[in-house]
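Below, the structure written as structure tokens:
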């Protein structure tokens, strides 16, 4: 069930629905058949997802927030840089949420296996919290990571 939930997040509701409606069991002769249907419907290359989550058992991701660095930008915006690490064997696309007093923004971020990325977003106010993964992607350890920031 986790795999379908994550696939829905990676491809989108409409693309997954379209791929499922286009599925023809008589034409399903290769392991990549459904992957190609979904790639076409979503306009995305989802090979990484099928390689790590469907076709091979590479284990689970092991995610963490290693740093959050907000800096004031022009026009009253704040550039928030979030360093994310994945010490696990599986690439993962997870939601990252930046929260302020009056606003929040959530985006999907892909973190490679045994990798680190810095994800940046402009935000309309000083952030007070950053959340990584909302529990929708299974992990080796905790599934929800939260970094509280001091008031500025």
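In the working numbering, the protein residues as written are 11 to 162. Just so it is clear, CB atoms sit at the ideal spot from N, CA and C, and this is done for glycine as well. Note that the structure is a prediction, hence the values are computed from the model and not measured.
message: Counting C-beta neighbours from all protein chains within 10 Å, is the total for residue 55 16 or more, i.e. buried, or is it exposed?
response: Exposed, because fewer than 16 other Cβ atoms sit within 10 Å of the Cβ of residue 55.
field: Where the beta strand (DSSP E) through residue 117 begins and ends
entry: Judged by DSSP secondary structure, residue 117 falls within the beta strand (DSSP E) whose first and last residues are 114-121.
field: Residue from 124, 72, 131 and 53 with nearest C-alpha to residue 23
entry: Of the listed residues, the one whose Cα sits closest to residue 23 is 53.
message: Taking its Cβ as the centre, do 16 or more other Cβ atoms sit within 10 Å of residue 162, making it buried, or is it exposed?
response: Residue confidence is low: residue 162 scores 49 on pLDDT, short of 50, so the model does not pin down where it sits. Its coordinate-derived value is still stated next. Of the residues assessed, residue 162 falls on the exposed side of the cut-off, its CB having fewer than 16 other CB atoms within 10 angstroms.
- prompt: Can you give the Cα-Cα distance for residue 63 and residue 109, rounded to whole angstroms?
  reply: Between the C-alpha atoms of residue 63 and residue 109 there is a straight-line separation of about 30 Å.
- prompt: DSSP state of residue 29, grouped into three classes?
  reply: Helix.
message: What would DSSP say about residue 14, mapped onto helix, strand or coil?
response: Residue 14 falls in the helix class under three-state DSSP.
message: Measuring straight from C-alpha to C-alpha, what distance separates residue 134 and residue 38?
response: Going from the Cα of residue 134 to the Cα of residue 38 covers about 48 Å.
field: DSSP-derived helix/strand/coil call for residue 65
entry: It is helical.
query: Taking C-alpha atoms, which residue in 152, 41, 59 and 51 lies nearest to residue 100?
result: Considering only alpha carbons, the answer is 59.
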